[in-house]
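Counted the way my numbering counts, the sequence shown spans residues 15 to 97. Worksheet: one structure, shown below.
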Amino acid sequence: MSFKNNNNRPKALDGHLTPIKISRATARLDDIAKWYNSDIGAKHLVTKKGDDGSETAIYMFDQPENGVQLHFVQGRTADHSLI
């Protein structure tokens with residue numbers, strides 16, 4: 015079996031790959047929202063709450079030309095006192 019025909023490799027611009035999505039865990043979703051909305055101008059797309067109490071906030075940053083989605087996940091047991 016070969017996956018050669020199904021391998022849709024991303025095209026590199028100027029020899030560099032461009033990310034389309036970045037995911038990070040955080041214990042400070044409120045601080046993330048302030049920073050990405052106010053300071054760098056990323057557009058808030060949606061915040062989802064999971065059945066387990068976790069939250070995922072998704073932003074769109076329109077740089078480079080096609081943009082990058084930023085996903086931040088805060089678990090239900092985040093302890094801000096440790097930071």
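Virtual Cβ for every residue (Gly too), placed ideally from N, Cα, C. Here the structure is a predicted model, which is why all the values come from computation and not from measurement.
**Message:** According to DSSP, is residue 39 part of a helix, a strand, or is it coil?
**Reply:** strand
**Message:** To the nearest angstrom, how far is the alpha carbon of residue 92 from that of residue 41?
**Reply:** Model confidence at residue 92 stands at a pLDDT of 47, short of 50, so the residue's coordinates are unreliable; what they give is reported in the following sentence. Cα to Cα, the separation comes out at about 5 Å.
**Asked** What does a CB cutoff of less than 6 Å around residue 133 pick up in its chain, not counting 5 residues either side in sequence?
**Response** As shown, the chain starts at 15 and ends at 97. That puts residue 133 outside it, with no answer to give.
**Request:** For the beta strand (DSSP E) containing residue 71, list its first residue and its last residue.
**Result:** 69-75
**Asked** Hey, is residue 85's beta-carbon within less than 7 Å of any beta-carbon in chain B?
**Response** No chain B is present in this structure, which holds just one protein chain.
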